[in-house]
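>
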Amino acid sequence: MRYKMHKERLVIGNDPLGFGVFEKTKLSPNQSFFRNDERCIWLYHANCLELMDLLIEKFPDGKFDMIFADPPYFLSNGGITCHAGRMVKVDKGDWDRSRGPEFNHEFNSEWLRRCQKLLKPNGTIWVSGTHHVIHSVGYAMQQIGYKILNDITWEKPNPPPNLACRYFTHSTETIIWSAKTDKSKHVFNYKLMKSINGGKQMKSVWRILPPKGEEKTFGKHPTQKPIELLIRCIQASTNEGDLILDPFSGSGTTGIAALHTKRRYVGIDISKDFLQVSKKRINEVIDNLSAGSPRRLKAGH
Ligand SMILES: C[S@@+](CC[C@H](N)C(=O)[O-])C[C@H]1O[C@@H](n2cnc3c(N)ncnc32)[C@H](O)[C@@H]1O
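Every number in our numbering is 1 more than the matching position in the sequence shown, counting from 1.
So, in structure tokens, the structure goes:
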């Protein structure tokens, strides 16, 4: 079993969620990287498989109202794309390299299984991805017993041109929204979604711009999601005060959307560099909120 865990010791502290301090394992540091108990935001430096196992031990009946996961896309394999008018290699980092379809599917199944255990009975999960990963994710969800609720098409209005001129221009990503099981009574804030869609039922195609320059002031993450997209997912499927997990939190976009919408957030990432970017982004939002001048960000803008 490739994902066999090597746990050493677990020490529980006294923070409000009782998450505590986790001892490192051979595969993962499991360290708190940033916390703000007042704003209910906690970041962990960890391999999410390992830390989720520790959380499952502590919360066997589930803990989270919602999970957003933007896993590795497994597309950094030497292809080319166009960035700022220049031809560049598609290389997002080692964490994004494919190890073959079987391994990729096993990895997806492993983290999705853990997410399902950590969801509360009525909780839901959103998983984003391109074709490189999303079909495996959808298949694994069916194997594991999630109930698929929607597949959202995120349409990017201004995609980079296709340099090979042998394919259509890639201009969408898919986000699968699923409930923990077919017995779940999931939250859907129907009226709110309708109202931000000008009084019409919200469709499953969302036209949203990629992250703006101002969202990248503290450093770039190669697959950063727009805050607006995350605010929409959160507002659709949770209520104020709900607890959200992102096991691949990257530059912390989900946490920032949680702050803006008054939800609580736990983020996990394996990369300290990306956690540093998150911390700076999150601190800026907290400073603005504390000064009483939150940047105006709302769903539907
Ligand atoms: C697609 S990116 C997420 C981007 C994020 N949604 C954002 O808006 O910035 C995937 C992230 O997962 C992290 N990652 C990859 N494997 C991981 C693992 N096993 N445990 C935790 N994080 C992991 C990478 O460091 C990367 O930041």
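From the three backbone atoms N, C-alpha and C, an ideal C-beta is built for every residue, glycine too. Fair warning: this is a prediction, and the values are worked out from it, not measured in the lab.
Between residue 228 and residue 216, which are expected to be in contact by the criterion C-beta below 8 Å, what is the C-beta distance as a whole number of angstroms?
Contact holds; Cβ gap of about 6 Å.
> Entirely within the stretch 246-302 and at least 4 residues each: give me those alpha helix (DSSP H) ranges in chain order.
254-261, 273-291
> Is it buried or exposed, residue 22, if we count other Cβ atoms within 10 angstroms and call 16 or more buried?
exposed
> To the nearest angstrom, how far is the alpha carbon of residue 268 from that of residue 250?
5 Å
> DSSP three-state call for residue 171: helix, strand or coil?
coil
> Among the candidates 165, 107, 182, 172, whose CA atom is the shortest distance from the CA of residue 126?
182
> Pick out whichever of 284, 65, 230, 143 has its Cα sitting closest to the Cα of residue 213.
It is 230.
> Report the option in 292, 133, 283, 128 whose CA atom is closest to the CA atom of residue 265.
283
> In three-state terms, what does DSSP make of residue 237?
Here residue 237 sits in helix by DSSP.
> Between which two residues does the beta strand (DSSP E) harbouring residue 322 extend?
Residue 322 lies beyond the stretch modelled for the chain, which goes from 2 to 302, so this question has no answer here.
> Since residue 209 is in the alpha helix (DSSP H), which residue starts that stretch and which ends it?
From DSSP, residue 209 is part of no alpha helix (DSSP H); its letter is neither H nor E.
> Tell me which residue opens and which closes the alpha helix (DSSP H) that residue 137 is part of.
132-145
> With a threshold of 16 other CB atoms inside 10 Å of the CB of residue 165, please say whether the residue is buried or exposed.
exposed
> Please classify residue 206 as buried or exposed, where buried requires at least 16 neighbouring CB atoms within 10 angstroms.
exposed
> Exposed or buried, what is residue 292 when buried is set at 16 or more other beta-carbons lying within 10 Å of its beta-carbon?
Exposed is the label assigned to residue 292, since fewer than 16 other Cβ atoms lie within 10 Å of its Cβ.
> Regarding residue 73 and ligand 1, is the C-beta to nearest heavy atom distance less than 7 Å?
yes
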